[in-house]
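Following: one structure in structure tokens, then a few remarks.
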Amino acid sequence: MGTNDKECSSEYREIRSASFAIRMATGSLLRLILVLSLALGTGCSITPIRPASSLTPPAGDGWETASPQSAGFDESSLKKLTQDIQAGRFPNTHAVLIEYDGRLVYEQYFGGMDERWNQPVGYRNFGRDSLHDLRSVSKTVTSLVLGIVLAGEADSALEKPLPSFFPKLTASSDVQAITLHHALTMTAGLEWNEMTAPYSDGTNDEVRLYGVTDPVSMVLNRPVVTAPGSVWYYNGGLSQVLAGIVQEKSGKPLDKVAVEVLFKPLGIKTFEWIGGPIWDPAMPAAASGLRMRGRDLAKIGSVCLHDGKWKGRQIVPKKWLERSMQRHVDQNGAWSNGGVWGYGYQFWMGRFPQGYEVAAAKGNGDQNVFILRKEKIVVTIFAGAYNRFVGPAERILHRIMAARTQPGNF
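Residue numbers for the sequence shown follow numbering that gives the first Met the number 0, so the first one is 0 and each next one is one higher.
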């Protein structure tokens, strides 16, 4: 990206943030006119990014590559998968990457309609350098950063009441019963409507979160409606509380800490982490705001596959990952796909009838990092099925696993 592109991207971010702030806050006509004036003056446009050649690692990327055959995959089956995606049989799939035991063995990018944090950006041709919304995969990344920050304090921290991490916060006595463990497992018992009100509805509690100045206070001042630990309910506000804990512990916002303890050690140099437009102090949106390249997200998946290590260096504490990728919540209700999915620490834990278990980071639009520890495989998928919650990723995963004929030989 050249200087002009960087300036254009920066101005584009400001415009989108301002536009979002206006919709979520006052709706002031004067502010809307200002945003439109800025947009007309920038001359910015979103240009398609051309696909890069598959499995040609850029300098300094850190990824080793290998052939699918050496990893135990039938190459003709993966080729047929590529053709089927191109033919639209897995609609609006944007990228698929496969790691086997530390090496990328498949990497393909496609074209499709896309969004940037709920803002349509039209058709894009995706490539290796394309940033993509992670949506709720951001939650998993946030949990990993929290685990690094807590380090040796994790055991005691998990049992601490959430309000105790925020000395200046006033919360009800009921909220004092909610621990960090409850927040990580989405079993806090707070009143929240994210599973019933669509994200397109301004009454959805996660959407409302972006229209307040203090998101942590908003979440921790909601009524407690079920006993903490008794009921699982998806709550992006709890992920924002995790970001607040990172900020309280480190004195820095989540994105700055993520660079220091996770991104920089992995060689991740390009990302965006969008935040609430009127939050004070400024914070990135831990529930949904992160945007990354496919190869970089796949690195985070690889760290999870290898007990917290990248290239032999311990990045995430092994014990934290063991806790995180444990099925703490075993449910058969909404969003479980008939009991296939349970929940860990901001990870989805899956048991498929096909015979394999998966730890997954999952996000709106069908963004997925599927981690199959026993098989030494990580599958990273980007897609554009935003707000539809029925996408191609799991079917692609099953096709990939069906293409596996034997264990790898490296």
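Even for Gly, the Cβ is constructed at its ideal location relative to N, Cα and C. Keep in mind it's a predicted model, so treat the numbers as computed, not measured.
Which residues in the same chain have their Cβ closer than 6 Å to the Cβ of residue i, if we skip the five residues on either side of it in sequence?
| i | result |
| --- | --- |
| GLY236 | LEU208 and VAL218 |
| TYR108 | PRO50, ALA94, PHE125 and GLY126 |
| ASP279 | THR212 |
| GLN405 | GLY71 |
| VAL136 | ALA360, GLY362 and GLN366 |
Give the DSSP-derived three-state secondary structure of residue i in the structure shown.
| i | result |
| --- | --- |
| ASP295 | helix |
| ASN408 | coil |
| ILE277 | coil |
| HIS327 | coil |
| LYS308 | strand |
| ARG394 | helix |
| GLY341 | strand |
| ASP113 | strand |
| ILE380 | strand |
Using the Cβ count rule (16 or more neighbours within 10 Å means buried), how would you classify residue i?
| i | result |
| --- | --- |
| PRO214 | buried |
| PRO197 | exposed |
| THR169 | exposed |
| GLN239 | buried |
| ALA182 | buried |
| ARG294 | buried |
| ALA401 | exposed |
| VAL302 | buried |
| LEU390 | The amino acid at residue 390 is misidentified as Leu; the sequence shows Gly. With 16 or more Cβ atoms within 10 Å of its Cβ, GLY390 is classed as buried. |
| LEU28 | Reliability fails at LEU28, whose pLDDT of 34 lies under 50, so the model's placement of it is uncertain and the value that follows must be treated cautiously. That one is exposed. |
Who are the near neighbours of residue i in its chain, counting only those whose CB is closer than 7 Å to its CB and skipping five residues on each side?
| i | result |
| --- | --- |
| ASN234 | MET185, ALA187, LEU189, TRP191 and GLU193 |
| TRP347 | TRP340, ALA359 and LYS361 |
Any beta carbon of chain C sitting closer than 9 Å to that of residue i?
| i | result |
| --- | --- |
| VAL245 | You won't find chain C in this structure, because it holds only one protein chain. |
Below 8 Å CB to CB, which residues in the same chain sit around residue i once its five sequence neighbours on both sides are set aside?
| i | result |
| --- | --- |
| TYR122 | PRO47, GLY110, GLY111, MET112 and ASP113 |
| ASP200 | VAL206 |
Taking the continuous beta strand (DSSP E) assigned at residue i, which residues delimit it?
| i | result |
| --- | --- |
| GLY243 | Unbroken run through GLY243 is the alpha helix (DSSP H), 235-249; no beta strand (DSSP E). |
| ILE370 | 366-371 |
Going straight from the alpha carbon of residue i to that of residue j, what length do you get?
| i | j | result |
| --- | --- | --- |
| GLU74 | GLU63 | 18 Å |
| ILE273 | TRP116 | 8 Å |
| PHE409 | PRO160 | 47 Å |
| ILE314 | GLN118 | 33 Å |
| ASP329 | GLY275 | 32 Å |
| GLY228 | GLU158 | 12 Å |
| LYS138 | VAL148 | 15 Å |
| SER66 | MET282 | 41 Å |
| LYS268 | ALA382 | 22 Å |
What are the boundary residues of the alpha helix (DSSP H) that includes residue i?
| i | result |
| --- | --- |
| GLY362 | Premise fails: GLY362 lies in the beta strand (DSSP E), 356-362, not in any alpha helix (DSSP H). |
| ARG207 | 204-208 |
| THR139 | 136-149 |
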